[in-house]
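So in this note's numbering, the last spot in the sequence shown is 379, and the numbers never skip.
Notes follow the structure.
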Amino acid sequence: MKIETRAVHAGRKPEPGTRDVTPAIHLSTTFQKADDGSLPGGFLYSRADNPNRVALEEALASLEEGETALAFSSGNAATLSLFRAFAPGDHIIAGDDVFYGTAILLNSLAPWGLKHTLVDMRDPANVERAVTPATRLIWVETPSNPLLNITDIGAIAAIAQKANALVACDNTWATPLLQLPLKLGADVVMHSVTKYLSGHSDVLSGALIFKQADSLLEKVRNIQREGGSVPSPFECWLALRGLQTFPYRVRAQSRSAQQIAEFLADQPQIEAVHYPGLASHPGHKIAASQMSSFGGMLSIQVKGGQAEAFKLAAGVKIFTHATSLGGPHSLIEHRASVEGANTRSPVNLLRLSIGLEHPDDLIEDLEQALRF
8 MKIETRAVHA GRKPEPGTRD VTPAIHLSTT FQKADDGSLP GGFLYSRADN PNRVALEEAL
68 ASLEEGETAL AFSSGNAATL SLFRAFAPGD HIIAGDDVFY GTAILLNSLA PWGLKHTLVD
128 MRDPANVERA VTPATRLIWV ETPSNPLLNI TDIGAIAAIA QKANALVACD NTWATPLLQL
188 PLKLGADVVM HSVTKYLSGH SDVLSGALIF KQADSLLEKV RNIQREGGSV PSPFECWLAL
248 RGLQTFPYRV RAQSRSAQQI AEFLADQPQI EAVHYPGLAS HPGHKIAASQ MSSFGGMLSI
308 QVKGGQAEAF KLAAGVKIFT HATSLGGPHS LIEHRASVEG ANTRSPVNLL RLSIGLEHPD
368 DLIEDLEQAL RF
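So, in structure tokens, the structure goes:
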């Protein structure tokens with residue numbers, strides 16, 4: 008089935024008895040056992056499993072074309088749970104432009120003994136040089152946040168296979184509509200479900216999708232269940248509802264982002280536009296080979312510096328000055344301010360999440376704001 012069909016049907020079954028088409032919300036934290044102590048409903052305690060979480064995990068596995076998925080309380084919880092499945096002394100390679108929250112997690116695990124190296128992943132040779140006998144995982148983020156650098160997933164997977172390591176890919180920005188990392192050689196996909204998949208800025212959730220059910224999956228599942236970093240039944244229900252429309256939302260957001268990137272590339276007040284859909288983007292060819300479209304995110308660098316970037320962000324009327332991404336409202340944000348003292352983001356960079364407003368209105372909004 009096509010992804011639009013799976014987005015509507017995967018993980019959903021009519022409720023027994025009532026035959027509800029829309030799944031019920033199962034708020035119970037505990038479930039009745041049979042007289043012999045067995046679990047006729049298949050559930051014991053909501054931290055370990057819940058009907059809404061199972062439905063969401065089935066849907067996510069289907070969309071990413073993986074064997075199994077695990078849902079978490081946030082994207083960071085999913086990332087941290089995967090990292091914790093490795094042992095002290097193990098080595099992880101990640102991009103030097105990786106999401107700042109991921110870098111924070113890697114640094115937090117250093118005292119525990121988990122080692123990591125950050126490299127420029129735009130050139131796979133940098134990754135190959137960083138490999139050590141202790142390398143167990145290569146963490147890929149493409150497009151990257153917020154510079155939208157592109158990594159060749161297949162090339163990294165080949166390096167990992169040679170090193171007997173695994174590849175995990177943060178696919179939050181691309182979504183399974185635009186990019187399927189498991190088909191390109193990755194072993195695990197991470198999503199901040201908060202973003203495009205739920206799609207309405209009202210859910211906090213994350214997920215890991217595994218190419219196959221193996222010992223790594225079982226380690227992470229144990230961390231998920233025993234650590235309790237699970238989404239609530241209502242969060243799962245909302246995310247599953249949002250999944251039904253995500254292909255159409257992401258397709259529209261991608262089309263609008265392309266138009267807005269092309270407009271901004273011609274504006275004299277803009278120093279640089281970071282969007283892989285532009286032919287001028289250094290990663291355009293690789294992105295075109297592994298993505299079906301280029302997504303709803305772009306970043307711009309404003310000429311003059313931080314003060315001018317703030318003026319542009321303050322001057323918009325339709326864009327909302329807020330963090331996060333993937334919802335129906337277009338957002339604009341000065342990333343260096345959010346990331347703090349250790350930011351790698353240029354001080355004149357603004358990140359734009361393109362929503363579902365008409366692109367002509369968004370362009371007109373940016374055009375008037377650029378008259379600072």
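Where a beta carbon is used, it is the ideal one built from N, C-alpha and C, also for glycine.
As summarised for the segment 145-215, the continuous beta strand (DSSP E) elements at least 3 residues long and confined to that stretch are 173-177, 195-198, given in chain order. Val210 sits buried, since 16 or more C-beta atoms from the chains shown fall within 10 Å of its C-beta. With fewer than three CB-CB distances shorter than 8 Å, the segment 248-256 does not count as touching the segment 109-121.
In this structure Leu144 is in contact with Ala172, their Cβ atoms being roughly 6 Å apart against a cut-off of 8 Å.
In the three-state DSSP reduction, Thr330 falls in the coil class, being neither helix nor strand. Our two residues, Lys226 and Glu148, have alpha carbons roughly 23 Å apart in a direct line. Separation of Thr179 and Asp42 (C-alpha to C-alpha, rounded to the nearest whole angstrom) is 45 Å. Taking the C-beta atoms as reference points, Lys318 is found nearer than 7 Å to Phe379. Taking the Cα positions, Asn59 is about 43 Å away from Ala316. Within a 10 Å sphere around the beta-carbon of Glu233 sit fewer than 16 other beta-carbons, which makes this residue exposed. The Cβ atoms of Val134 and Ile99 lie no closer than 7 Å to each other. Minimum Cα-Cα distance from Gly362 among the listed residues Asp368, Ser337, Leu373 corresponds to Ser337. Taking a contact to require three or more Cβ pairs closer than 8 Å, the segment 204-220 and the segment 25-44 do not qualify as touching. The beta carbon of Phe93 is closer than 8 Å to those of Ile99, Leu121, Arg143, Leu144 in its chain, skipping five residues each way along the sequence. Excluding sequence positions up to five before and after Gly334, its CB lies within less than 7 Å of the CB of Gly206, His207, Ser208, Gly362, all in the same chain and listed in chain order. With contacts defined as CB atoms closer than 7 Å, Leu67 and Ala55 fail to qualify as a contacting pair. In this structure, the beta-carbon distance from Val196 to Glu71 falls below 7 Å. Contact between Gln297 and Pro353 does not hold, since their C-beta atoms are separated by about 26 Å, which reaches or exceeds 8 Å. Taking C-beta atoms under 8 Å as the contact rule, Ile370 and Ile267 qualify, at a distance of about 6 Å. Ser360 is classed as buried because its beta carbon has at least 16 other beta carbons within 10 Å across all chains shown.
Inclusion of Val257 and Leu332 in the CB contact set at 7 Å is not warranted, their separation being larger than that value. For Arg91, the closest C-alpha among the options Ile230, Thr158, Gly161, Gly192 is that of Ile230. Using a Cβ distance threshold of 7 Å, Pro289 and Phe301 do not count as a contacting pair.
The beta-bridge partner set that DSSP reports for Lys310 is empty. Looking at Ser212, Ser53, Val28, the one whose alpha-carbon comes closest to that of Thr36 is Ser53. The beta carbon of Leu113 sits closer than 6 Å to the beta carbons of His123 from its chain, once the five residues preceding and following it are set aside; these are given in chain order. For the pair Phe106 and Asn152, the CB atoms are nearer than the 7 Å cut-off.
C-alpha of Ala181 to C-alpha of Leu34: approximately 32 Å in a straight line. The residue among Ser344, Glu242, Glu364 with its C-alpha nearest the C-alpha of Leu357 is Ser344. For Tyr282, the secondary structure class from DSSP, reduced to helix, strand or coil, is coil.
Lys202 sits buried, since 16 or more C-beta atoms from the chains shown fall within 10 Å of its C-beta.
Non-local C-beta neighbours of Ala85 in its own chain, meaning closer than 7 Å and more than five positions away in sequence, comprise Phe79, Met197, Gly213, Ala214, Leu215, ordered along the chain. When beta bridges are read from the DSSP output, Arg358 appears opposite Ser306, Glu340.
By the C-beta density criterion, Asn349 is exposed, having fewer than 16 other C-beta atoms within 10 angstroms.
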